[in-house]
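Colleague: Sharing a structure with you now.
Residue numbers (full-length UniProt numbering): 1 to 182.
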């Protein structure tokens with residue numbers, strides 16, 4: 001099975017980089033059926049300093065090259081701290097991790113804006129045989145792998161100290177990171 005998946009990775013990326021291959025392998029492994037019977041493909045996640053739970057964002061596929069027009073992207077919790085089950089966002093979660101998504105005019109791409117940072121759009125684009133989250137990281141166009149949010153938990157409402165963005169340059173496949181401060 002792993003050999004078949006590696007073959008698919010090489011078909012998607014060629015032999016460009018281990019990081020890109022790892023990203024593609026993860027994307028293939030995380031393509032799955034949603035509750036509604038449609039396939040989903042992992043886009044990116046948000047890890048947090050607070051606990052092991054992660055926020056996951058997936059593309060909802062009508063076909064491998066087409067996203068669901070009514071609900072192209074979904075977000076949810078993966079409760080790693082307890083039993084690993086999936087949980088939907090509640091109203092408070094949506095303030096921090098909710099998002100808006102719209103079709104980019106004249107293209108097949110989508111623009112995703114996280115509620116917590118609407119001025120840092122994430123383009124969801126068809127690239128190298130899969131849907132990827134593309135954003136500027138350290139001034140370069142990159143495929144976003146994940147965000148890591150560090151918060152201070154001292155008050156009633158947690159305060160974000162910084163967010164680290166991790167990805168790979170689209171042109172070279174080299175790892176790229178950027179620390180974002182509020």
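The C-beta atom is built at its ideal place from N, Cα and C for all residues, glycine as well. If you're wondering where the values come from, they're calculated on a predicted model, not measured in any experiment.
Considering only C-alpha positions, which residue in the set 81, 76 and 42 is nearest to residue 91?
Modeller: Residue 76 is the option with its Cα nearest to residue 91.
Colleague: May I have the straight-line CA-CA distance separating residue 106 from residue 67, to the nearest angstrom?
Modeller: Looking at the two C-alpha atoms, the distance is approximately 15 Å.
Colleague: Check residue 96 in the structure and name its three-state DSSP category.
Modeller: Helix at residue 96.
Colleague: Rounding to the nearest angstrom, what Cα-Cα distance links residue 47 and residue 170 in this structure?
Modeller: Distance between the alpha carbons of residue 47 and residue 170: 22 Å.
Colleague: Just mark residue 95 as buried or exposed, buried being the case when its beta carbon has 16 or more other beta carbons within 10 Å.
Modeller: Answer is exposed; the Cβ neighbour count stays below 16.
Colleague: Provide the residue span of the beta strand (DSSP E) that contains residue 142, from first to last.
Modeller: Where residue 142 is concerned, the enclosing beta strand (DSSP E) stretches over 140-152.
Colleague: Is the segment 73-88 close to the segment 48-56, with three or more CB pairs under 8 Å?
Modeller: With a cut-off of 8 Å, the segment 48-56 and the segment 73-88 count as touching, because enough Cβ pairs lie within range.
Colleague: My output table needs one value for residue 116: the three-state DSSP class, helix, strand or coil.
Modeller: Coil, per DSSP.
Colleague: Measuring straight from C-alpha to C-alpha, what distance separates residue 58 and residue 180?
Modeller: C-alpha separation (whole angstroms): 23 Å.
Colleague: Closest by CA to residue 142, which one among 160, 114 and 174?
Modeller: With distances taken between Cα atoms, residue 142 lies closest to 174.
Colleague: Under three-state DSSP, which class holds residue 78?
Modeller: Strand at residue 78.
Colleague: Distance check for residue 102 and residue 69, CA to CA, integer angstroms please.
Modeller: Straight-line Cα distance between these residues: approximately 9 Å.
Colleague: Tell me the DSSP bridge mates of residue 66?
Modeller: DSSP output for residue 66 lists 63 as bridge partner(s).
Colleague: Looking at the unbroken beta strand (DSSP E) that takes in residue 135, where does it start and where does it end?
Modeller: Note, residue 135: beta strand (DSSP E), 130-137.
Colleague: Taking DSSP as the reference, what is the three-state secondary structure of residue 91?
Modeller: Helix.
Colleague: Please classify residue 182 as buried or exposed, where buried requires at least 16 neighbouring CB atoms within 10 angstroms.
Modeller: Residue 182 is exposed by the Cβ-count criterion.
Colleague: Label residue 167 either buried or exposed according to how many other C-beta atoms from any shown protein chain fall within 10 Å of its C-beta, with 16 as the threshold for buried.
Modeller: Result: buried.
Colleague: Can you give me the C-alpha to C-alpha distance between residue 110 and residue 136, rounded to a whole angstrom?
Modeller: Answer to the nearest angstrom: the Cα atoms are 15 Å apart.
Colleague: As a quick exercise: from 72, 38 and 45, pick the residue whose alpha carbon is nearest that of residue 126.
Modeller: Cα-wise, what sits closest to residue 126 is 72.
Colleague: Taking 9 Å as the cut-off, decide whether the C-beta atoms of residue 176 and residue 163 are in contact.
Modeller: Against a cut-off of 9 Å, the Cβ pair of residue 163 and residue 176 comes out as no contact.
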